[in-house]
Amino acid sequence: MNKRPFYLSTTLPVLFLLILVGTASAVKADTITFDDGVADDSVGSFYAAQGVTFLNATFDTFGGLNGGSAPLSIRSTLDDYYPTAAHPIAAIFSLAQSSVSLTGLDVGENGFRMVAYDAVTGGNIVDTQTVFGLDYGNDQYFTLTVSGANIFRVEFYQVFPAQGGDGIAFDNLVYNVQPTITAVPEPATMVLFGTGLIGAAGLLRFRRRQH
4 MNKRPFYLST
14 TLPVLFLLIL
24 VGTASAVKAD
34 TITFDDGVAD
44 DSVGSFYAAQ
54 GVTFLNATFD
64 TFGGLNGGSA
74 PLSIRSTLDD
84 YYPTAAHPIA
94 AIFSLAQSSV
104 SLTGLDVGEN
114 GFRMVAYDAV
124 TGGNIVDTQT
134 VFGLDYGNDQ
144 YFTLTVSGAN
154 IFRVEFYQVF
164 PAQGGDGIAF
174 DNLVYNVQPT
184 ITAVPEPATM
194 VLFGTGLIGA
204 AGLLRFRRRQ
214 H
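One point on numbering: in the numbering used here, the residue at position 16 of the sequence shown is 19, and numbering is uninterrupted.
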């Protein structure tokens, strides 16, 4: 009966494992719809178990309208429906994120801006996205996504708040934990390592034949 060469049965599984080492772990996106809160309560650490805490955010009954999920969304605690760059709503993450999406409800001429940072406080801007609607934004909603490495905080607010009564609410936060990637050997190292295994296996075959 023909047998497979010894070096193939020995080295292929090892090389296969080396390839798997560099594979990023698959991470499923998490979503917060805000529908499990209580209207007019502060959001705060309500979602801490899911790795997110909020600053300047209050549950609101505006959800379910214009692209939101019923029955709740969130609004600014300090400025009601007119969050500003000076008093933004912030989502702070316990783990680094690779992307974060949020839907703005009734986005009008005052706009909707998201800014991602690489730190819980301060830090550097990772990405920013801005969109403007028309007039008071009735029946207009937009979902913005910020992405990049090491997102730990996202702030969102109106670009030109409190002009002409054009307010905004927010719904459906979707976030993706940054995948962990284990370093793989350099290609040259893998070739040398694999060649060494094949050589060692061939030598062992040769010695077995001598016996």
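Glycine included, each C-beta is placed from N, C-alpha and C at the ideal position.
Less than 9 Å divides the Cβ of residue 75 from the Cβ of residue 36. Taking 9 Å as the cut-off, the Cβ atoms of residue 65 and residue 174 count as close. When secondary structure is reduced to three states using DSSP, residue 51 falls in the helix class. The continuous beta strand (DSSP E) containing residue 107 extends over residues 92 to 108.
Our two residues, residue 58 and residue 38, have alpha carbons roughly 18 Å apart in a direct line. Pairing residue 139 with residue 167 gives a Cβ-Cβ distance under 9 Å.
Excluding the 5 residues flanking it on each side, residue 122 has same chain C-beta neighbours closer than 8 Å at 155, 156, in chain order. In the same chain as residue 40, and ignoring 5 residues on each side of it, the C-beta atoms closer than 7 Å to its own belong to 46, 49, 62, 75, in chain order. By the neighbour-count definition (other C-beta atoms within 10 Å, threshold 16), residue 137 is an exposed residue.
Residue 172 has 108 as its beta-bridge partners, per DSSP.
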